[in-house]
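Trainee: In our numbering, the protein residues as written are 52 to 175. In this text, a Cβ means the ideal position worked out from N, Cα and C, and glycines have one as well.
#1: To the nearest angstrom, how far is the alpha carbon of residue 130 from that of residue 65?
#2: Considering residue 80, what are the terminal residues of the alpha helix (DSSP H) in which it resides?
#3: Do we get a CB-CB distance below 8 Å when we pair residue 53 with the residues of chain B?
#4: Can you tell me whether residue 162 is buried or exposed, with buried defined as 16 or more other CB within 10 angstroms of its CB?
#5: Give a yes or no on whether the C-beta atoms belonging to residue 82 and residue 68 are separated by under 8 Å.
#6: Flag this pair as yes or no: are the beta carbons of residue 126 and residue 153 separated by less than 8 Å?
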């Protein structure tokens with residue numbers, strides 16, 4: 052993650068006070084970087100495998116704290132199953148989720164994020 056991307060991601064969080072950070076196993080370093088830079092409270096950090104039987108346990112841990120915002124750093128392959136499980140089994144909302152540049156274009160309305168150059172994007 053670039054410093055510009057991190058700054059843009061933090062800017063997208065706006066007035067959020069509490070966040071939950073989620074990463075797939077290959078993006079843990081980005082999650083640690085986000086947690087270190089965040090001024091507010093991190094309610095939980097959840098890591099999931101790229102492939103799993105259902106992701107239900109991780110999805111429940113990710114959604115349960117009801118944060119002001121969720122932050123996701125994952126590869127599209129690592130996020131696909133988790134996002135599906137979140138939509139099916141939890142109160143998670145893509146409209147309250149900020150992602151890193153790797154998920155730009157992930158087909159989920161409301162999802163938004165930061166690019167490596169510091170610009171932002173939003174799926175409508």
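Mentor: Well, looking at it:
#1: In the chain shown, residue 130 corresponds to position 79, counting from 1. In the chain shown, residue 65 corresponds to position 14, counting from 1. Near 24 Å, if we compare the C-alpha coordinates of residue 65 and residue 130.
#2: Taking the first residue of the chain shown as 1, we reach residue 80 at position 29. Unbroken alpha helix (DSSP H) run through residue 80: 79-88.
#3: Protein chains in the displayed structure number just one, and chain B is not present.
#4: In the chain shown, the residue the question calls residue 162 occupies position 111. Buried, because 16 or more other Cβ atoms sit within 10 Å of the Cβ of residue 162.
#5: Numbered from 1 along the chain shown, position 31 holds the residue referred to as residue 82. Numbered from 1 along the chain shown, position 17 holds the residue referred to as residue 68. Cβ distance not < 8 Å, so residue 82 and residue 68 don't count as in contact.
#6: One-based indexing of the chain shown puts residue 126 at position 75. One-based indexing of the chain shown puts residue 153 at position 102. Remark: C-beta atoms of residue 126 and residue 153 approach each other more closely than 8 Å.
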